[in-house]
Amino acid sequence: MNKKLAAALSGGAVLVIALSGCSSDDDKSEKVNAWAKQVCDQVQPQLQKIANANAAIQQQTADNSKPADVQRTDSAAFQQISQAYKALGAAVESAGPPPVDGGETTQKEAVKELNASSAAYANLQKKVDALETKDQAKFADGLKGIADELNKISTTGDESLKKLQSGEVGTAMAKQKGCQKPTASTPKSTTQPSTPTSPSGSPSKKA
């Protein structure tokens, strides 16, 4: 019952790990790289949290999973993702505008998008917590509704974030280890094999 939600989450949680900016001044390269390192050093722990949350939901996708267990796992995962996005927004904000043309505007848009994502996941957590777990059919319908909403959130966010993931700053950030996709780390399930996934990766499909 949780498979659609897991697929929506893992496929849609795209992060800003690169910000746009254009500059023909080669002298700015060192400053751009320094800015990228400052941001990426703070980004990595948050990317890890999101990857782990994705994996936790993936583990709770067995058809015989109890609604209460699924609810507890999904709620904790959404809370973790919400907090991670908030921290990512704070990291980009504290770094200041990237030293490229239009850097201030790019920074403000990125922070706004990350904070909006944080609020969206916090809202999803509230909706998961409110689901009726005693009736499995109603619970499954509720999860479907949340998965549909998650798809809308991620699609809207993707369109905005893709515009940010280009340019000189994006190239600099892509080179930083802190902005590279982490491998999920969660306790192994006794009934469901772990499916590590990255914030922008696609999970392996289960039968």
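In the numbering used here, the protein residues as written are 1 to 207. Think of the CB as a built atom: it goes at the ideal place given N, C-alpha and C, for glycine as much as any other residue.
1) Quick check on this structure: which residue in 105, 120, 31, 184 has the alpha carbon closest to the alpha carbon of residue 78?
2) Is DSSP giving residue 171 helix, strand or coil here?
3) Less than 8 Å between the C-beta atoms of residue 178 and residue 43, yes or no?
4) Within the present structure, is the beta-carbon of residue 56 separated from the nearest heavy atom of the ligand GDP by less than 7 Å?
5) For residue 65, which of helix, strand or coil comes out of DSSP?
6) Classify residue 150 as helix, strand or coil using the three-state DSSP reduction.
7) What number of angstroms, rounded off, separates the C-alpha of residue 67 from the C-alpha of residue 167?
8) Excluding the 5 residues preceding and the 5 following residue 149 in the sequence, name in chain order all residues of the same chain whose CB lies nearer than 8 Å to its CB.
9) Skipping 5 residues on each side, what residues in its chain have a beta carbon closer than 8 Å to that of residue 208?
10) With respect to the alpha helix (DSSP H) encompassing residue 30, which residues constitute its N-terminal and C-terminal limits?
11) Could you round the C-beta distance between residue 114 and residue 142 to whole angstroms and report it? I think they count as a contact, below 8 Å.
12) List the whole-angstrom C-beta distance separating residue 83 from residue 182, where the pair is believed to meet the contact cut-off of C-beta under 8 Å.
13) Using the three-state DSSP reduction, which class does residue 142 fall into: helix, strand or coil?
14) Among the residues of its own chain, which have a CB less than 6 Å from the CB of residue 136, if the five just before and after it don't count?
15) Label residue 129 either buried or exposed according to how many other C-beta atoms from any shown protein chain fall within 10 Å of its C-beta, with 16 as the threshold for buried.
16) Would you mind stating whether residue 61 and residue 3 have Cβ atoms separated by less than 8 Å?
Looking at the atomic coordinates:
1) Distances from the alpha-carbon of residue 78 to those of 105, 120, 31, 184 put 120 closest.
2) In the three-state reduction of the DSSP assignment, residue 171 falls in the helix class, which pools H, G and I.
3) yes
4) Among the ligands in the structure shown, none appear at all, so the ligand GDP cannot be discussed.
5) coil
6) helix
7) One Cα belongs to residue 67, the other to residue 167, and the distance between them is close to 45 Å.
8) 124, 127
9) Given that the chain is displayed from residue 1 to residue 207, the structure contains no residue 208 and the question cannot be resolved.
10) 29-59
11) Going by Cβ atoms, the distance from residue 114 to residue 142 rounds to 27 Å, so no, they are not a contact pair.
12) The pair is not a contact, with the Cβ atoms about 16 Å apart (cut-off 8 Å).
13) helix
14) 67
15) exposed
16) With contacts defined as CB atoms closer than 8 Å, residue 61 and residue 3 qualify as a contacting pair.
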